[in-house]
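Note that UniProt numbering has the sequence shown beginning at 1, numbered continuously upward.
Glycine included, every Cβ here is placed at the ideal spot set by N, Cα and C.
Values in this document were obtained by computation on a predicted structure and should not be read as measured data.
Structure first, then comments.
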Amino acid sequence: MIGSEELKQSLTNGTNTNNKLYFYLNKNPVTLENPNPEVTVLDYLRSEGLTGTKLGCGEGGCGACTVVLGNYDTESGQATYLSANACLTPLCSVNGKQVITVEGLGNEKEPHPIQERLAHHHGSQCGFCTPGIVMSLYGILRDNCEPSVADIEEGFDGNLCRCTGYRPILDAAKTFAKDNEEHKACTVGKSKLLGQCLTKDKTFKTYNTQDELQFPQELIDYKTDVSLSANLLQFTNELGYKWLRPSNIDQLIQLKNAFPKAKLIGGNTEVGIEMRLRFMEYKHLVYTGDIKEYTQLNINGETLELGANITLNKLIKELKKALKLVKPHQASTLNALLTNLKWFAGNQIRNFATLAGNIITGSPISDLNPILIATGANLIVESVDGRRSIPMRELYTGYRKNALKENEVAISLEVPLAKESEFVRAYKQAKRKDDDIAIANGFISEKAHAKIKSIDYSEALKIPGVYKIDHKDVPGHNKFGAVIQDEEIFASEEVNTTGQIIAVMLADDKLTARKAANLVKIEYEVLPHVLTIQEAIDQDSLFSQYRHIGRGNLEEEFAQSDHIFEGEHYIAGQEHFYLETQGTLAIPKGEGQEIELISSNQGLNELQMVVAEALDIPFNRVVCKAKRLGGGFGGKESRGTPYGAVAAVAAHTLNRPVRVVLDRDTDMCSSGQRHPFLGKWKLGVTKEGKFKALDVTLYNNAGHSLDLSLGVMDRAVTHVDNCYFFPALNVVGKLAKTNTPSNTAYRGFGGPQGMIICEMMVSEVADKLGIDQLEIRKMNMYEEGQSTHFNNELLDWHVPEMWERILNQSNYNERRELVDKFNSENVWKKRGLAVTPTKFGISFGVKFLNQAGALVHIYTDGSVLLSHGGVEMGQGLHTKMTQICADTLGIPVEQVFISETSTDKVINAAPTAASASSDLNGYAIYNACVELRDRIKPYRDANPNATLKEWAKAAYFDRVNLSANGYYKTPDIGYDFETNQGLLFFYYTSGVSVSEVEIDVLTGDHTILRADIIMDIGQSINVATDIGQIEGAFIQGVGLTTIEEPLFHPDGRTFTKGPGNYKIPGFRDIPQEFYVDILEGKEYKNLKTIKRSKGVGEPPLFMGASVFFAIRDAIKQARLANGITEVLKLTSPATSEKIRLNCQDDLVNLSKVSPKNPTDKLWAHNI
């Protein structure tokens, strides 16, 4: 056994070591000499042009970067294939492995069976998450070519999708399951549309493992050649970071003795995040993933022995096997471990994270450690000095601190099995069940409110090739704003929120830019700050802009009321969590001060204006383009503008292309979110439950600038009635000015917040009056022809009909009886059932935005190029626009192509928002196509059996213009808030949903058992697209009201900055049964939209609130069982903590604590 000093010498002179990395990338061999230890597989793949692997979060929480790693076990002679997070996997760790990316599977012409089935099932919207989902399913199938439905469902717990609602993805995946005949026959599964199957009569390619990439023989030879594979690998970069890979435990122990400060890496799931997000430096990284020792599980009498180097997924498999070998009473220990492992991170992380890594990097309260401590487990550690045992109860000396000596290595764990008189059970409470271009790295404010006293760039600028850009480099106007210009592109003298851009550091690569930004030193003079809505109210920190709408005689109606109730409700915000973060590539064109921006942006017209003003050039020198966005949801309508402007200023200054792409944590702490709302209401009602008068004041947390907050409030004050008639209604909307990132547009744009406050109020009033929740809603529902409080008449009003229809279709009455029966028979599980209606007005609230343009070219080969002002971000806009164009011209859709959205093709376009883009752009396209159709009509009439190619050629030779502009403006609209007159919304998209949930009273966990939705979306242009929007919006609404909770530190810093502590719904959070229906057979006498269709992007989101109210119903049942009759006040979101605490059982009451100091603040709270 080589000693530590000899090992150091060997590393120095290179004997018995290797500095070449050898692996296969898909089917191609790759050899890299001395690769950089800081580079991840994702970094490398994208630098090589394999951009199908996406950067979504950078911490292994979203799965967008998923690849599959093939490895060869020389003992079994078998290759294994496991999905991995490329964003965390060090490039240096893939030695001797095969890296398979989405490019290695198939392409557009020859898709892989997975890709084909996902496409046919409409399982992709924006598409950003799709490659990662494809690779996760590929990993499942390579590991087990005949998976069960359960295998597939559990295999996706490391992937997130913000668009689809997951159902179509699962339907596609389940066609590969051996035990799922239903999905093989009709793959729409449990999401039914009028009894139809969206993939009926489709035949798919067969999946065969033999057709897949095989593990290369060259790698097998390499792995079996001990003289090559057993060498100690070492890679070093120019900054002195050293990567060391021992091949056995002896080498590991000697390395740890030689380099006691070295950090051990298994899956890199913790260290990678520490280095990237917390800028922690580890000069020596020792990789343990290729060590075969201590990766087993053994049962030794009354003790479970676990190798510390076993991966978590292998541990799960071995524990399941061990269940068959132990005595019944001993099984409780194994089941407790399995229960927590099931919810540990995602499949990709469990594939490579080790037991030792989980224990050593953890704390006494994290993951498996509470179970290990409770069972009296012992950790076995070893060093050159020998081996010793540490009781788990004595392991931790503080948070993320332990009793290991610097040169010790964890090698195994001994877990006593439960005795006959013992029972081990574990619970886990969690918000979600599962878990050549210059590169700019921004330097953003760390203070909520402060003066900038000084900035020291000196250390950063010592790095070769690094530049800085700040407010002094802006040649023109350093201000921007969606309504008023009250923000700076670069903060100059004062910061008003954390996350505000102060400067950017530029370099040739991301790692260098990040290090440079981290070296910038800034001195602040801290000023008082305001964070919450209530603090803003108390300190009168309100914007001058506000809204007021009044209708009816409030005083008279209150006087006629039998009861007057008052209350207030708070709704937390919501992070957009689009999978593709904010990003722009700015390219100076070299003459005439022209610049081109390719931007992930919903509002290209605004970006064009801000960039032109910042660079002090005319608008016609700036071209802004978008091919498609990886999700937007409103978050890229106005908040992408400053990042695009930063890129433009930097590119203009350096005269070279500059890319600005935000990391997930930067995006979440700087780009704003859905507005938190506070509603204070007073309701007059008769004893029968009939509404008489409502007086309500709404506050939203606008953040530090106005942005779109007034428009958001416009929609909140006009939706606070939801679907109910109030004879007198007075609503005031005020905007809280706080020192937080400016909140902005988000799917629903204030409408959901207004409606949630209304429904919370109705629920509480029903309980106070002792009236059934359905009865009070039905008796107060609008009728056809009644007017809203903003004096708009409701026409083509079908909500009452849909209400009755969904109750019948969902078997509501029978299920209500079953829910009541279940609750009477169960103590620790309770069920709830709720029905929620919605009406959502469609139009931009600002009149001038309700216009659109289109440009259509017919080429002489019969192909059509279509341009319009809308941006495709997964909502299927381009699909619908292509259909309208093809239908109007009378040609197949395959002949129509949309290249991109660009400000030099269609000018002055409104942002793609307000669920109005299909209406506006669709009619503009129709008008252009009608003009072209009329021009080619003579040639069509003369030769009716010809093709468009022949007609176009004939027209061209006759010198007929085959290019046409189309324009459209929404008729009749024009509302005045001052007079409360005029048409505000062109029409309404409405619906009703029924949801049933089950809550776990002990943990606060909830499961959506079933959801039924019916929507009135007019005459659908594309049914599959609209169903996708309904389901995706519903699940996003579920997230808003149950799981997603943005939190801030008291000093103003954002606490929830990534998927690690901000949870959006995952695959396991969707309804077990999911039924979607569309109202059909209606004559829309007053609907004047293109094809009589309706906007569908935003309206269904509020339907997800039915889950919130079902949870409220379940909590009520738990409280009643505990003798609590007080009316439940449940705030949104209904997180597991709130569910647990509101059940108000004895265990909760025994656990209550009070702050020692009444002035103490929570370490993280809502705003």
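Item                                                                                                                                                                                  : Value
In this structure, does DSSP put residue 859 in helix, strand or coil?                                                                                                                : coil
Which word fits residue 1163, buried or exposed, when buried means at least 16 other C-beta atoms lie within 10 angstroms of its C-beta?                                              : exposed
Given a threshold of 16 other Cβ atoms within 10 Å of its Cβ, counted over all protein chains shown, does residue 784 qualify as buried or as exposed?                                : exposed
Compare the Cα-Cα distances from residue 747 to each of 853, 632, 119 and report the closest residue.                                                                                 : 632
Count the other C-beta atoms from every protein chain shown that fall within 10 angstroms of the C-beta of residue 191, then say buried if there are 16 or more, exposed otherwise.   : Its pLDDT being 41, under 50, residue 191 is placed unreliably by the model, and the measurement read from it follows with that caveat. That one is buried.
For the segment 668 to 733, which segments carrying the beta strand (DSSP E) assignment without a break, of at least 3 residues, lie completely within its bounds, in sequence order? : 677 to 685, 691 to 703
Decide if residue 1006 is buried, meaning its Cβ has at least 16 other Cβ atoms within 10 Å, or exposed.                                                                              : buried
Please state whether DSSP places residue 1164 in a helix, a strand or coil.                                                                                                           : coil
Hey, could you find the ends of the beta strand (DSSP E) residue 547 is sitting in?                                                                                                   : 542 to 551
Helix, strand or coil for residue 234? Go by DSSP, reduced to three states.                                                                                                           : strand
What separation, rounded to the nearest whole angstrom, lies between the Cα atoms of residue 19 and residue 238?                                                                      : 14 Å
Give me the Cβ distance between residue 74 and residue 223, rounded to the nearest whole Å; I'm assuming they're in contact under 8 Å.                                                : 6 Å
Tell me which residue opens and which closes the beta strand (DSSP E) that residue 1074 is part of.                                                                                   : 1073 to 1078
Just mark residue 1140 as buried or exposed, buried being the case when its beta carbon has 16 or more other beta carbons within 10 Å.                                                : buried
Taking the alpha carbon of residue 565 as the point to measure from, which residue in 689, 830, 577 has its own alpha carbon closest?                                                 : 689
How many angstroms separate the CA atom of residue 232 from the CA atom of residue 873?                                                                                               : 48 Å
Are the segment 524 to 536 and the segment 470 to 482 in contact at 8 Å, needing three or more beta carbon pairs?                                                                     : no
Is the distance from the Cβ of residue 694 to the Cβ of residue 729 below 8 Å?                                                                                                        : yes
With contact counted as at least three CB pairs below 8 Å, one residue from each stretch, are the segment 103 to 118 and the segment 201 to 217 in contact?                           : yes
Within 8 Å, do at least three Cβ pairs link the segment 1029 to 1036 to the segment 1006 to 1017?                                                                                     : yes
Would DSSP call residue 40 helix, strand or coil?                                                                                                                                     : strand
Using 8 Å as the threshold, is the C-beta distance between residue 160 and residue 60 below it?                                                                                       : no
Please list the segments of the alpha helix (DSSP H) lying wholly inside the segment 744 to 770, counting only runs of 4 or more residues, in order along the chain.                  : 751 to 769
Could you please give the first and the last residue of the uninterrupted alpha helix (DSSP H) stretch that includes residue 822?                                                     : 812 to 825
If you follow the beta strand (DSSP E) that residue 243 is in, where does it begin and where does it stop?                                                                            : 242 to 245
What is the rounded straight-line gap between the Cα of residue 627 and the Cα of residue 741?                                                                                        : 28 Å
I need the boundaries of the alpha helix (DSSP H) containing residue 957, first residue and last residue.                                                                             : 948 to 957
Which same chain residues, not among the five before or five after residue 1168, have their C-beta less than 7 Å away from its C-beta?                                                : Here the chain comprises residues numbered 1 to 1167, so residue 1168 is not present and cannot be evaluated.
Nearest-angstrom Cα distance between residue 194 and residue 1078?                                                                                                                    : The predicted model places residue 194 with a pLDDT of 36, which falls under 50 and marks its position as unreliable; any figure quoted below should be read in that light. Their Cα atoms are separated by approximately 7 Å.
Report the option in 668, 354, 685, 854 whose CA atom is closest to the CA atom of residue 743.                                                                                       : 668
Compute the Euclidean distance between the alpha carbons of residue 788 and residue 1105, then round it to the nearest angstrom.                                                      : 22 Å
With three or more C-beta pairs closer than 8 Å as the rule, is the segment 165 to 174 touching the segment 348 to 367?                                                               : no
Nearest to residue 298 by CA position, among 314, 284, 318, is which residue?                                                                                                         : 318
For residue 1170 and residue 582, I'd like the C-alpha separation in whole angstroms.                                                                                                 : As displayed, the chain neither begins before 1 nor continues past 1167, which places residue 1170 out of reach and without an answer.
Identify every run of the beta strand (DSSP E) within the segment 251 to 295, keeping only runs that are complete inside it and at least 3 residues long; order them along the chain. : 263 to 265, 284 to 287
Could you give the residue range of the alpha helix (DSSP H) that holds residue 642?                                                                                                  : 641 to 654
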